[in-house]
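Read the structure below first, then the notes.
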Amino acid sequence: LAIFDGDDHALLNCLELIDVNAIDYNGQTLLHHAAAAGRIHSISQLIELKCDMNVKDAHGRTALLVAAQRLNEAAALMIHGAGGMCDSDYGGVCAAEAAKKGQSEVLRLLVETCGIPIDWQDHVGKTATHLTASSGHVQTLQYLISASADLGIRCRHGRTALDDAASCGKLIAAKILFIAGASSGYGKRVQEVQHAAAQAAAAAAAALKAKDEEAAHATTAAVAAQVDECERKIEKMQEEHAAVLKAKDEE
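As structure tokens, then:
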């Protein structure tokens, strides 16, 4: 309560009775609460008392991350200056969430103050730029471009941010990416699928050459199925690429 009320004198009295690093039921310390409330004087007092700057709460958040998420920039800068850090993986998840929601300022603080890599990738290889583009958040996308985010990164499905914007119908975002020099991953994706089909066909040919009829029959059936799958993938890619071209034509 002393922190939320901004009562520095009361806070000092409390600190005479409790451990400066005491945690509550959420695993948060006094520094977490001061960061959330943006109480600069309280943060300064806690730093002077040499509190632990990098305790993680029950959700894996340090005080620095809490300050950034609450848009308390002055608090974030003070904590960072005193040695506060942010876990890159959990911070990356928070950055991805901010990107999806179009929270430009939160994303900026996470990148510029907390040190989260601007091109951090999630479990499928999506960056903040992918997520912002597919959600159509123009202001956030413009921030990422101005901050030199890599527009050419392909996720595990071979898609760039431009591909995601176009396939999700976010044509304004796609136009912005075009103007910034972004490209589609379409060509490389098609090449990879065609290469996989060629490899399968080569395996079938090798089995036939070895006169192993049983192996050749099984391999040929597998190749036929794989080629069909490749054709379906290419057809889907062509549809997605048509959306990209539509965005470019409307530029």
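Note that my numbering gives residue 164 to position 164 of the sequence shown, counting from 1, and the numbers run on in steps of one. All residues carry an ideal CB built from backbone N, CA and C; glycine is no exception. Keep in mind it's a predicted model, so treat the numbers as computed, not measured.
Rank 154, 167, 173, 123 by C-alpha distance to the C-alpha of residue 145 and give the top, closest one.
Numbered from 1 along the sequence shown, position 145 holds the residue referred to as residue 145. Among 154, 167, 173, 123, the Cα nearest to that of residue 145 belongs to 173.
Going by alpha carbons, who is nearest to residue 123 out of 92, 82, 242, 70?
The residue given as residue 123 occupies position 123 in the sequence shown. Taking only the C-alpha atoms, the option nearest residue 123 is 92.
Note down the Cα distance separating residue 99 from residue 139, rounded to an integer number of angstroms.
Sequence index remark: in the sequence shown, residue 99 carries index 99 (1-based). Sequence index remark: in the sequence shown, residue 139 carries index 139 (1-based). C-alpha separation (whole angstroms): 10 Å.
Contact belief for residue 38 with residue 74 at Cβ below 8 Å, rounded distance in angstroms
For the purposes of this step, residue 38 is taken as residue 38 along the sequence shown, with counting starting at 1. For the purposes of this step, residue 74 is taken as residue 74 along the sequence shown, with counting starting at 1. Correct: roughly 7 Å between the Cβ atoms.
Under a three-way DSSP split, which group does residue 144 fall into?
In the sequence shown, residue 144 corresponds to position 144, counting from 1. Here residue 144 sits in helix by DSSP.
In whole angstroms, what separates the C-alpha of residue 270 from that of residue 209?
Given that the chain is displayed from residue 1 to residue 251, the structure contains no residue 270 and the question cannot be resolved.
Give the straight-line distance between the Cα atoms of residue 55 and residue 33, rounded to the nearest whole angstrom.
Numbered from 1 along the sequence shown, position 55 holds the residue referred to as residue 55. Numbered from 1 along the sequence shown, position 33 holds the residue referred to as residue 33. Cα-Cα distance, rounded: 12 Å.
So, for residue 51: in the same chain, excluding its five sequence neighbours on each side, which residues have a beta-carbon less than 8 Å away from its beta-carbon?
By one-based count along the sequence shown, residue 51 stands at place 51. The residues are 20, 21, 29, 30, 31.
If you check the beta carbons only, do residue 154 and residue 181 fall under 8 Å apart?
For the purposes of this step, residue 154 is taken as the residue at position 154 of the sequence shown. For the purposes of this step, residue 181 is taken as the residue at position 181 of the sequence shown. No, Cβ-Cβ distance for residue 154 and residue 181 is not below 8 Å.
Contact defined as beta carbons within less than 8 Å: I believe residue 151 pairs with residue 166. What is the distance between those atoms, to the nearest angstrom?
Reading the sequence shown from its first residue, position 151 is the one you call residue 151. Reading the sequence shown from its first residue, position 166 is the one you call residue 166. Going by Cβ atoms, the distance from residue 151 to residue 166 rounds to 13 Å, so no, they are not a contact pair.
Pair within 8 Å by beta-carbon distance, residue 27 and residue 57
Stepping through the sequence shown from its first residue, residue 27 is reached at position 27. Stepping through the sequence shown from its first residue, residue 57 is reached at position 57. For residue 27 and residue 57, yes; Cβs fall inside 8 Å.
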